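Residue numbers (UniProt numbering): 1 to 400.
Cβ coordinates follow ideal geometry from the N, Cα and C atoms, glycine included.
Remember, it's a predicted structure, so these values are computed and weren't measured experimentally.
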Amino acid sequence: MPGGYQPDASSVGSVQDAVPTRMAICCIVLSLGWNDVLNWRSRRQRLHRPDADPTGVVRALAGVQAQVTASAEQAVGARTPLPDPAPLRAAVADRRLVKTWAARGTLHLLDAAEAPAHLALLAAARTWEKGAWQRTFVTADQLAKIAAAAWDILDGTVLSRDELTTAIVEHAADPSIEEHLRSGWGSVLKPLAWQGLLVYGPSTDNRVTFTRPDTFVPGWTAPPTPESAAEVVIPSYLGAYGPASPATFDQWLIRGHSKKAQLKAWFAALTSAGVLSRVDVDGEVLYARTEDLASLADPEPFDEVRLLPAFDQFVLGPGTSDARVIPPARRAEISRTAGWIAPVIAYRGRVCGTWERAEAGVVVNVFPEQGPLPALDAEIARVAQAPGTAATSSDSRNST
């Protein structure tokens, strides 16, 4: 590990008094290298498959993207002893997990207890109040009418998109909003979700439905203040993808659209309170949870290969532009056209290939520059347990 202060478990409480040798900055409490950080992240993201709790997986990852339901199920299955989607489906049915628009405006499964904080932090950006948004979609007055209508209409009921749209147009007496409400992208409904006014309900005949979270999700709480929300979401993110910068966090959260003064204040307050600490990772000053300093300084080794599905948090958490996780020359193979994020092979905290399902089974494409991968065939066989997929041991290395 690079030189600098390296606390043991007993010294974490007094790390603010330490002065690292690498940087003459008193607020840097620990010096790390990226190899150790990425190794640490692997376990934090539950790639070691510690248990079968799907809610724990979703919570540990600060949400799981669910634009594609099968990918969400595979992401959770990749982190549990058996790749069985039944426990995740049960958690959704029991409303321990809630489906709604969250990070980056994409559909996610969130731990129901933490969802209000995630949504409140997204709402803090007030993106729907910007002129460009209103010119593209609806005006602020129209959105206020849509929000009021949805709140009344969804009280204790579940409606399909068509049913909700028809009811809102009638309630608001404004036919001009109908086209935007019917859009499958949900652009006009996202601000309502972020304000805690609606979430996804149970699917009915393969149709999406919507309902009010306070009448649907047991124990649902009102959206907290942005400051209180930051106390939940920022540490949650850093617990899986840290150490990281505020800018990286903001890209994950809302594509960099948080108000800069707010973002700075959130991190400053958490640091002042001792929740976060500044660390040096190969010369970069980043933030980590203070409670993680001891494990970051001495991470437990993780040396197993994992096949992760499309849109996996392993890639989405740090972002596809992170050259430590995805080699820059390979980024186009991972982040593809139309926003598609390819299934990846993960090893030692980095992407070292891609894979796909074919009629013949699971076909892997290990990047030629990558050395041998341990127990790759066993991981292929595990992934191939999904219905309709046979196993192959094709380490083709056919890089495109």
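Find out if the Cβ-Cβ distance for the pair Ala75, Asp312 is shorter than 8 Å. Working through the sequence shown from its first residue, we reach residue 75 at position 75. Working through the sequence shown from its first residue, we reach residue 312 at position 312. Yes, the pair counts as a contact, with Cβ atoms nearer than the cut-off.
If we ignore side chains and look at the alpha-carbon of each, how far apart do Ala148 and Lys260 end up? Walking along the sequence shown from the start, residue 148 turns up at place 148. Walking along the sequence shown from the start, residue 260 turns up at place 260. In this structure, the CA atom of Ala148 is about 30 Å from the CA atom of Lys260.
Taking C-beta to C-beta, are Leu109 and Ala66 nearer than 8 Å? Reading the sequence shown from its first residue, position 109 is the one you call residue 109. Reading the sequence shown from its first residue, position 66 is the one you call residue 66. Yes, they are a contact pair.
Relative to the C-alpha of Ser203, which candidate in Phe367, Lys99, Leu373 has its C-alpha closest? Taking the first residue of the sequence shown as 1, we reach residue 203 at position 203. A check of alpha carbon separations from Ser203 across Phe367, Lys99, Leu373 identifies Lys99 as the nearest.
Could you tell me whether the stretch 122-132 touches the stretch 151-165, where touching means 3 or more Cβ pairs closer than 8 Å? no
Determine, using beta carbons only, whether Ala342 and Arg350 come nearer to each other than 8 Å. Working through the sequence shown from its first residue, we reach residue 342 at position 342. Working through the sequence shown from its first residue, we reach residue 350 at position 350. For the 8 Å CB-CB criterion, Ala342 and Arg350 do not form a contact.
Counting only C-beta atoms, is Ala147 closer than 8 Å to chain C at any point? Among the chains of the structure shown, chain C does not appear; only one protein chain is present.
Candidates Pro368, Pro175, Asp377, Glu300: closest to Asn39 by CA position: If you number the sequence shown from 1, residue 39 lands on position 39. Among Pro368, Pro175, Asp377, Glu300, the Cα nearest to that of Asn39 belongs to Glu300.
Residue burial classification, Pro328 (beta-carbon count within 10 angstroms, cutoff 16): The count along the sequence shown starts at 1 and reaches residue 328 at position 328. Exposed.
Output needed for Leu47: all residues of its chain with C-beta closer than 6 Å, excluding positions within five of it in sequence on either side, in chain order. Along the sequence shown, one-based indexing puts residue 47 at 47. Excluding five sequence positions before and after Leu47, the CB atoms of its chain that fall closer than 6 Å to its own CB belong to Arg306, given in chain order.
Since Arg44 and Arg255 should fall inside the 8 Å C-beta cutoff, what is the C-beta to C-beta distance between them, to a whole number of angstroms? To locate residue 44, count along the sequence shown from 1; it is residue 44. To locate residue 255, count along the sequence shown from 1; it is residue 255. The Cβ separation is near 23 Å, so there is no contact.
Beta-carbon separation of Ala310 and Trp340 under 8 Å? Here residue 310 refers to the residue found at position 310 when the sequence shown is read from its first residue. Here residue 340 refers to the residue found at position 340 when the sequence shown is read from its first residue. For Ala310 and Trp340, yes; Cβs fall inside 8 Å.
Helix, strand or coil for Trp151? Go by DSSP, reduced to three states. Counting from 1 along the sequence shown, the entry for residue 151 is found at position 151. Helix, per DSSP.
Looking at Arg126 and the ligand SAM, is the gap between the Cβ and the nearest heavy atom below 7 Å? Among the components modelled here there is no ligand, and therefore nothing to report on the ligand SAM.
May I have the straight-line CA-CA distance separating Arg278 from Ala244, to the nearest angstrom? For the purposes of this step, residue 278 is taken as residue 278 along the sequence shown, with counting starting at 1. For the purposes of this step, residue 244 is taken as residue 244 along the sequence shown, with counting starting at 1. Rounded to the nearest angstrom, the two C-alpha atoms are 10 Å apart.
Which residues does DSSP pair with Trp185 in a beta bridge? Within the sequence shown, the letter at position 185 stands for residue 185. Answer is none; Trp185 lacks a bridge partner.
What are the start and end residues of each continuous beta strand (DSSP E) run of 3 or more residues lying completely inside the stretch 318-356, in chain order? Taking only runs of at least 3 residues, the beta strand (DSSP E) segments lying wholly in the stretch 318-356 are 344-347.
Where the alpha helix (DSSP H) through Ala269 begins and ends: In the sequence shown, residue 269 corresponds to position 269, counting from 1. Segment 260-272, the alpha helix (DSSP H) holding Ala269.
If you compare alpha carbons, which of Ile177, Leu154, Asp205 is closest to Ala193? For the purposes of this step, residue 193 is taken as residue 193 along the sequence shown, with counting starting at 1. Comparing Cα-Cα distances from Ala193 to each of Ile177, Leu154, Asp205, the minimum goes to Leu154.
Mapping DSSP to helix, strand and coil, what is Lys130? Indexing the sequence shown from 1 puts residue 130 at position 130. Reduced to three states, the DSSP call for Lys130 is coil.
Quick check: Leu119 and Gly196, are their CB atoms within less than 8 Å of each other? Counting from 1 along the sequence shown, the entry for residue 119 is found at position 119. Counting from 1 along the sequence shown, the entry for residue 196 is found at position 196. Yes, the Cβ-Cβ distance between Leu119 and Gly196 is below 8 Å.
Tell me which residue opens and which closes the alpha helix (DSSP H) that Ile177 is part of. Here residue 177 refers to the residue found at position 177 when the sequence shown is read from its first residue. Ile177 -> no alpha helix (DSSP H), and no H or E assigned at all.
Three-state secondary structure (DSSP) of Thr21: Within the sequence shown, numbered from 1, the residue matching residue 21 stands at position 21. Reliability of the predicted coordinates at Thr21 is poor, the pLDDT of 34 falling under 50, and no value is obtained from them.
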